[in-house]
Amino acid sequence: MRTHTIYMVLLLICGVVTDRFTPERPLTKTEQNQFQQLITTKLPRLIGKDVTGFKFISIRTQEDDGNKCTVLVRLSDTDCISVKILRRRDEELRITEAQPCQCPNKSEDENWEGLDSYLS
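What the sequence shown shows, in mature numbering (1 follows the signal peptide of the UniProt record, and there is no 0), is residues -18 to -1, 1 to 102, in sequence order.
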């Protein structure tokens, strides 16, 4: 259930359903599946690692363009990846970059409180 909620938060913040990376309405099942499929099928090929059991930590919208966002993904206690995502005009999501980065402290992982308002 928590993973499902995290997918919804990511999709809303990354603007799959709006013109910009802002939440405007609840996601459809199709939209939720699109993001989940992107991470589980494309990311392993890009980084050469299995992403089973991954956890999203945070999302940062890039100020210069409302069609891009950066997602921090925790693969294990020590492995994290910064994933840049682009939403094209046809609303297809693409991973434009994925690279290892330093993981935040585990105590900082629980930054999802307060995001429930995006899931109305």
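Every residue gets a Cβ at the ideal spot worked out from N, C-alpha and C, and that includes glycine.
Taking C83 as the reference, which of I21, T34, L57 has the closest Cα? Residue numbering aside, residue 83 sits at position 101 when the sequence shown is read from its first letter. Taking only the C-alpha atoms, the option nearest C83 is L57.
Sort C85, Q81, R76 by Cα distance to Q19 and report the nearest one. For this step, residue 19 is matched to residue 37 along the sequence shown. If you compare the alpha carbons of C85, Q81, R76 with that of Q19, the shortest gap goes to R76.
Please classify H(-15) as buried or exposed, where buried requires at least 16 other C-beta atoms within 10 Å of its C-beta. Position 4 of the sequence shown holds residue -15. For H(-15), the predicted structure reports a pLDDT of 48, less than 50, and the residue's modelled location is therefore unreliable. A value from the coordinates is still provided. In this structure H(-15) is exposed. Its beta-carbon is surrounded by fewer than 16 other beta-carbon atoms within 10 angstroms.
Would you kindly check if the distance between the Cβ of K31 and the Cβ of T52 is under 8 Å? Here the question's residue 52 lines up with position 70 in the sequence shown. Here the question's residue 31 lines up with position 49 in the sequence shown. Here T52 is not near K31, since their CB atoms are 8 Å or more apart.
Alpha carbon to alpha carbon, how far is V33 from C85? Give it in angstroms, no decimals. Here residue 85 is taken as the residue at index 103 of the sequence shown, counted from 1. Here residue 33 is taken as the residue at index 51 of the sequence shown, counted from 1. Whole-angstrom Cα-Cα distance: 15 Å.
Report all residues from its chain with a CB closer than 6 Å to the CB of K24; omit the five preceding and five following residues, and keep chain order. As a first step, residue 24 must be located in the sequence shown, where it is residue number 42. Shown here for K24: same chain residues with a beta carbon closer than 6 Å to its own, the five before and five after excluded, namely I77 in chain order.
Give me, in chain order, the residues of the same chain whose beta-carbon lies closer than 7 Å to that of L68; leave out the 5 immediate sequence neighbours on both sides. In the sequence shown, residue 68 corresponds to position 86, counting from 1. Taken in chain order, the residues that qualify are N49, K50, R76, T78.
Separation of C62 from L54, as counted between CA atoms: Residue 54 sits at position 72 when you count from the first residue of the sequence shown. Residue 62 sits at position 80 when you count from the first residue of the sequence shown. Rounded to whole angstroms, the separation of the alpha carbons of C62 and L54 is 7 Å.
For T60, list the residues DSSP reports as bridge partners. For the purposes of this step, residue 60 is taken as residue 78 along the sequence shown, with counting starting at 1. T60 pairs with nothing; no bridge assigned.
What is the residue span of the alpha helix (DSSP H) that L28 lies within? On the sequence shown, position 46 is the one that residue 28 refers to. Where L28 is concerned, the enclosing alpha helix (DSSP H) stretches over 25 to 29.
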